[in-house]
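Peer 1: For the sequence shown, my numbering assigns the number 100 to the initial residue and increments by one for each residue that follows.
Ideal Cβ positions, reconstructed from N, Cα and C, are used throughout, including at glycine.
Computed from a predicted structure; not experimentally measured.
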Amino acid sequence: MIVEFEAELWLWDARKGDSWTFVSLPAEASDEIRDRTAGVRRGFGSLRVRVRVGTSQWATSIFPGGDGVYVLPVKRAIRKAQSLDVGDTAAFTVELADL
100 MIVEFEAELW LWDARKGDSW TFVSLPAEAS DEIRDRTAGV RRGFGSLRVR VRVGTSQWAT
160 SIFPGGDGVY VLPVKRAIRK AQSLDVGDTA AFTVELADL
């Protein structure tokens with residue numbers, strides 16, 4: 100399953116000092132991911148994914164977030180390579196690796 104979407108980068112409130120930066124996947128895509136991956140959970144309910152934003156690609160995991168959507172961490176090296184900061188909106192492609 101591949102999900103393409105645009106989202107705004109945001110800081111995790113509980114770890115603002117550590118600058119943990121995320122984007123939220125769309126609600127409809129999150130519902131479909133939940134349906135397709137029932138029982139394929141790893142630690143913290145995470146799912147392995149491959150991600151592309153701009154010219155950067157990497158492997159990471161998505162996690163169930165508040166509001167019933169999955170959240171994707173965007174590490175500092177990727178933000179720097181793509182000149183992204185909290186509050187910026189970018190186009191992401193997320194491919195589930197656990198299917």
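1. Using 10 angstroms around the beta-carbon of Ala106, count the other beta-carbons present and answer buried if the total reaches 16, otherwise exposed.
2. Is it true that the stretch 174-186 meets the stretch 135-147, where meeting means three or more beta-carbon pairs spaced less than 8 Å apart?
3. Pop quiz: Leu124 and Val168 are said to be a contact at Cβ under 8 Å. What is the actual Cβ separation, rounded to whole angstroms?
4. What is the DSSP secondary structure of Ala126, counted as helix, strand or coil?
5. Can you find the residues in the same chain that come closer than 7 Å, C-beta to C-beta, to Ser155, ignoring five residues on each side of it along the sequence?
6. Report the residue from Trp111, Phe143, Thr159 whose alpha carbon sits nearest the alpha carbon of Arg149.
7. Starting from Arg151, trace the alpha helix (DSSP H) in both directions and tell me its first and last residue.
Peer 2: The relevant details are as follows:
1. buried
2. no
3. 6 Å
4. helix
5. Ile177, Ala180, Gln181
6. Thr159
7. Counting along the chain, Arg151 falls outside any alpha helix (DSSP H), though it belongs to the beta strand (DSSP E) covering 146-152.
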